[in-house]
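As you go down the protein sequences, you meet chains A and B in turn. This note's numbering applies: residue 1 is where the first sequence begins, and numbers increase by one. This note's numbering applies: residue 126 is where the second sequence begins, and numbers increase by one. We put the beta carbon where it would ideally sit given N, CA and C, even for glycine. Since the model is a prediction, treat every value here as computed from it, not as a measurement.
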Amino acid sequence: MSDTKKHLSDVEKVNLAGTKAKGQRPYFLAQKQTEQALSVAMSLAMELSVTKERLASLECLLADKGIIEKGELDGYQPSKDEVAKRSLETQAYLARVLRIMQQDKEELESNDPDMQTVQDALTKW
Amino acid sequence: MSSNALPSWDVLTKHAVFPSGNHDEVARLNFLTHLNVHLSNQILPGVKTAYDKQVKPAIIAQTGSEPTSRHDVRKHMLNNGYFQMWSALRRNTMEMRHQAARSQVLGQIENIVEKVDKACEGNANIQLDSSVSIPPNVGSVDIHCQPGCYYQEYFENDVTVAASYDLGLFVTTAGLLGALSDGGGQGIANWLKTQHPDFSPKRILDIGCTVGHNALPLAQHFPDAQVIAVDVARPSLRYAHARAASLGIENIQFVQANAEELSQYDDGSFDLITTSMFLHELSHQSLPKILKTIHRLLADGGLNLHLEQPQYAGMDVYQQFIRDWDTYFNNEPYWGPMHELDLAKVFAECGFDPNDLFDVGVVSKVDEKIFGKPKSDGEDYGRSPVWNAIGLWKGQSANNGAKKSAKNSAKKNANMSENAA
């Protein structure tokens with residue numbers, strides 16, 4: 001049962017986090033692409049919420065410690081290493097936001113039966 | 126703090142193999158928890174309104190009568206815009222939960238696997254069997270949309286799916302399962318403590334244990350008992366063992382086995398056999414085989430208890446339809462078929478006396494200081510910490526000399542004398 005692979009690469013981890021569940025995905029809206037856009041919007045809504053919370057935390061910490069002046073963030077220039085780190089983070093971020101397309105691609109590649117077929121097979125006495 | 130505020134994921138008990146969460150990971154899980162609560166408290170009631178004001182009148186106008194089955198309701202609701210949006214959001218939120226949880230786990234998976242390996246090495250409380258295969262009811266689709274289900278391993282000795290399941294339960298239930306997501310098991314233990322304080326099982330079997338969260342409260346409540354917890358999923362069992370060991374619980378053995386067989390255990394060798402939210406993940410092929418196994422393994426006078434959601438019989442068609450959502454749209458293909466079974470008949474065919482069957486309400490018991498009180502009116506159709514336990518004391522009716530009237534065997538609900546909700 002256990003896969004013989006010894007470890008996962010960083011890119012494999014990003015893809016595995018967003019992989020689709022086995023089984024055909026239902027779509028509810030009149031146009032599938034509209035629902036995919038909704039999914040993108042909801043992921044963005046989550047990330048915006050997370051970011052707002054992080055900024056709030058940061059501001060609390062900085063204010064508590066008296067470390068920065070108000071407005072200092074606007075003039076910040078990231079270092080080369082910091083830019084590289086942000087690039088990797090942005091790649092993972094985009095994979096998260098566009099998960100629905102990764103899963104649609106996987107569904108196109110898969111041969112999952114429809115739910116009624118599965119239920120019929122599971123309900124034979 | 127406002128009484129409407131939800132607990133943070135961060136209040137969960139951090140056992141040794143529980144995935145840690147950094148600032149943004151915790152914020153992500155908390156966002157999704159709030160989104161789930163918003164969808165069920167604010168948006169879901171509108172689905173009933175859309176049914177009452179738009180869909181049901183249209184069905185009556187079209188056919189001349191009210192819908193007679195949940196399938197009729199579903200067929201028409203699928204064309205309703207409000208239902209479409211709620212469903213799209215609900216499905217997507219489940220997928221977001223899995224991505225968030227898996228991303229968090231995969232970021233620290235080597236560390237978790239190292240701890241699990243160490244806990245499992247040479248320990249008799251974890252018994253694996255590579256000959257156990259994944260049955261069709263587990264392998265046909267990834268149940269509740271969890272990629273990899275309970276059993277997939279992405280590299281040698283991987284436990285990603287188990288750790289991800291453990292940390293994500295909070296998100297769907299908004300913390301109402303408690304600090305160890307063990308509200309179901311706590312509910313059973315509490316029911317036994319208050320309703321059957323003299324019951325003292327020596328051997329307990331928990332079937333379909335996954336990460337062991339609902340079996341551990343029984344092991345703790347009966348410290349002198351030996352608990353055997355079985356599942357087919359290797360990574361879930363290995364994680365479950367490490368989880369139990371880190372919580373200092375020694376009287377539980379995790380065994381990789383298919384409960385259709387269990388030939389390694391003697392007839393009548395268990396006093397208590399439990400399952401938690403398990404029957405609806407079976408099939409018409411496996412359910413009777415497992416019930417026959419339970420009948421063989423359960424001692425006379427022993428208790429068999431299954432935590433489940435209530436059966437559909439007697440519910441109006443809308444209620445059945447909305448409870449059935451997960452069947453079609455959340456990869457739970459056996460949810461509907463299981464909930465429409467005549468369980469008394471099925472148990473009877475598997476050797477039990479249907480007069481022994483009872484229903485009892487079991488409510489999750491958690492630390493209300495942290496998590497708040499479970500709302501009795503806020504049920505989310507299968508995802509709230511309120512269960513309908515189906516149980517029986519083996520041979521009780523025969524021992525009591527109870528008369529088997531045709532009326533009683535035909536009407537299971539006549540046996541609801543154990544209701545302790």
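Does any residue of chain B bring its CB to less than 8 Å from the CB of residue i?
| i | result |
| --- | --- |
| residue 101/A | no |
| residue 90/A | no |
| residue 119/A | yes |
| residue 82/A | no |
| residue 6/A | yes |
| residue 86/A | no |
| residue 127/A | Chain A is shown only over 1 to 125; residue 127/A falls outside these bounds and no answer can be derived. |
| residue 29/A | yes |
| residue 109/A | no |
| residue 69/A | no |
Three-state secondary structure (DSSP) at residue i?
| i | result |
| --- | --- |
| residue 4/A | coil |
| residue 127/B | No answer about residue 127/B holds up, because its pLDDT of 49 lies below 50 and its placement is not dependable. |
| residue 381/B | strand |
| residue 354/B | strand |
| residue 56/A | helix |
| residue 100/A | helix |
| residue 424/B | strand |
| residue 61/A | helix |
| residue 193/B | coil |
| residue 512/B | strand |
| residue 484/B | strand |
| residue 211/B | helix |
| residue 25/A | coil |
| residue 89/A | helix |
| residue 376/B | coil |
| residue 433/B | strand |
| residue 252/B | strand |
| residue 401/B | strand |
| residue 68/A | coil |
| residue 125/A | coil |
Report all residues from its chain with a CB closer than 8 Å to the CB of residue i; omit the five preceding and five following residues, and keep chain order.
| i | result |
| --- | --- |
| residue 44/A | 97 |
| residue 219/B | 269, 270, 297, 455 |
Within 8 Å (strictly less), CB to CB, does residue i reach chain A?
| i | result |
| --- | --- |
| residue 330/B | no |
| residue 235/B | yes |
| residue 265/B | yes |
| residue 271/B | yes |
| residue 280/B | yes |
| residue 478/B | no |
| residue 453/B | yes |
| residue 149/B | yes |
| residue 216/B | yes |
| residue 140/B | no |
| residue 129/B | no |
| residue 379/B | no |
| residue 295/B | no |
| residue 326/B | no |
| residue 261/B | yes |
| residue 472/B | no |
Near residue i, what residues of its chain come up, given a Cβ to Cβ distance below 6 Å and the 5 sequence neighbours on each side ignored?
| i | result |
| --- | --- |
| residue 304/B | 137, 138 |
| residue 252/B | 380 |
Report yes if the C-beta of residue i is less than 7 Å from at least one heavy atom of the ligand COA; otherwise report no.
| i | result |
| --- | --- |
| residue 31/A | The ligand COA is absent from the structure shown, which contains no ligand whatsoever. |
Leaving aside the five residues before and after residue i along the sequence, list all residues of the same chain whose C-beta is less than 7 Å from its C-beta, in chain order.
| i | result |
| --- | --- |
| residue 426/B | 518, 519, 520 |
| residue 502/B | The predicted position of residue 502/B is uncertain, since its pLDDT is 48 and thus under 50; no value can be drawn from it. |
Step through the CB atoms of chain E and report whether any lies within less than 8 Å of the CB of residue i.
| i | result |
| --- | --- |
| residue 166/B | Absence of chain E from the displayed structure is noted, the protein chains being A and B. |
Worksheet item: Counting Cβ pairs, one atom from each stretch, are 3 or more of them under 8 Å apart for the segment 323-331 of chain B and the segment 206-215 of chain B?
Response: no
Item to complete: Evaluate contact between the segment 155-172 of chain B and the segment 185-197 of chain B, counting only Cβ atoms and requiring at least three cross-stretch pairs below 8 Å.
Response: no
Discussion item. Using 8 Å as the cut-off, can you tell me whether the segment 466-477 of chain B makes contact with the segment 221-228 of chain B, which would need three or more C-beta pairs spanning the two stretches below that distance?
Written reply: no
Worksheet item: Would you call the segment 273-284 of chain B and the segment 436-451 of chain B touching, i.e. three or more CB-CB distances under 8 Å?
Response: Under the Cβ criterion (8 Å, minimum of three pairs), the segment 273-284 of chain B does not count as touching the segment 436-451 of chain B.
Practice prompt. Return the residues of the segment 51-63 of chain A that lie within a Cβ-Cβ distance of less than 7 Å from chain B, sorted by chain order.
Written response: 53, 54, 57
Worksheet item: Quick one, which residues of the segment 12-26 of chain A are near chain B if we go by CB-CB under 9 Å, in chain order?
Response: 12, 13, 14, 16, 17, 18, 19, 20, 21, 22, 23, 24, 25, 26
Fill in: Near-chain A residues of the segment 193-209 of chain B (beta-carbon distance less than 8 Å), N- to C-terminal order
Hits within the stretch, in order: 203, 208, 209.
Worksheet item: Is it a yes or a no for the segment 397-412 of chain B touching the segment 480-488 of chain B, going by three-plus beta-carbon pairs under 8 Å?
Response: no
Worksheet item: Contact between the segment 72-88 of chain A and the segment 129-149 of chain B: three or more CB pairs below 8 Å?
Response: No contact exists between the segment 72-88 of chain A and the segment 129-149 of chain B.
Worksheet item: When Cβ atoms are compared, which residues of the segment 37-52 of chain A fall closer than 7 Å to chain B?
Response: 38, 39, 42, 43, 46, 49, 50
Worksheet item: Between the segment 255-267 of chain B and the segment 379-390 of chain B, are three or more C-beta pairs nearer than 8 Å?
Response: yes
Item to complete: Specify whether the segment 6-20 of chain A and the segment 95-113 of chain A touch according to this definition: at least 3 beta carbon pairs, one from each stretch, less than 8 Å apart.
Response: Between the segment 6-20 of chain A and the segment 95-113 of chain A there are three or more C-beta pairs closer than 8 Å, enough to call the two in contact.
Worksheet item: Taking a cut of 7 Å between CB atoms, which residues from the segment 395-417 of chain B lie near chain A?
Response: 408, 409, 410
Discussion item. Which residues of the segment 456-468 of chain B have a Cβ closer than 8 Å to any Cβ of chain A? Give them in chain order.
Written reply: 456, 458, 459, 461, 462
Worksheet entry | the segment 175-186 of chain B touching the segment 417-434 of chain B, judged by at least three CB pairs closer than 8 Å | Touching, no.
Worksheet item: Do the segment 150-160 of chain B and the segment 49-63 of chain A touch if we need at least three Cβ pairs shorter than 8 Å?
Response: yes
Worksheet item: Can we say the segment 400-414 of chain B touches the segment 458-466 of chain B, given the rule of at least three CB pairs closer than 8 Å?
Response: yes
Discussion item. Within 8 Å, do at least three Cβ pairs link the segment 243-251 of chain B to the segment 195-206 of chain B?
Written reply: no
Practice prompt. Assess, as a yes-or-no matter, whether the segment 309-316 of chain B is touched by the segment 336-343 of chain B under the definition of 3 or more beta carbon pairs within less than 8 Å.
Written response: Result yes; three or more Cβ-Cβ pairs closer than 8 Å.
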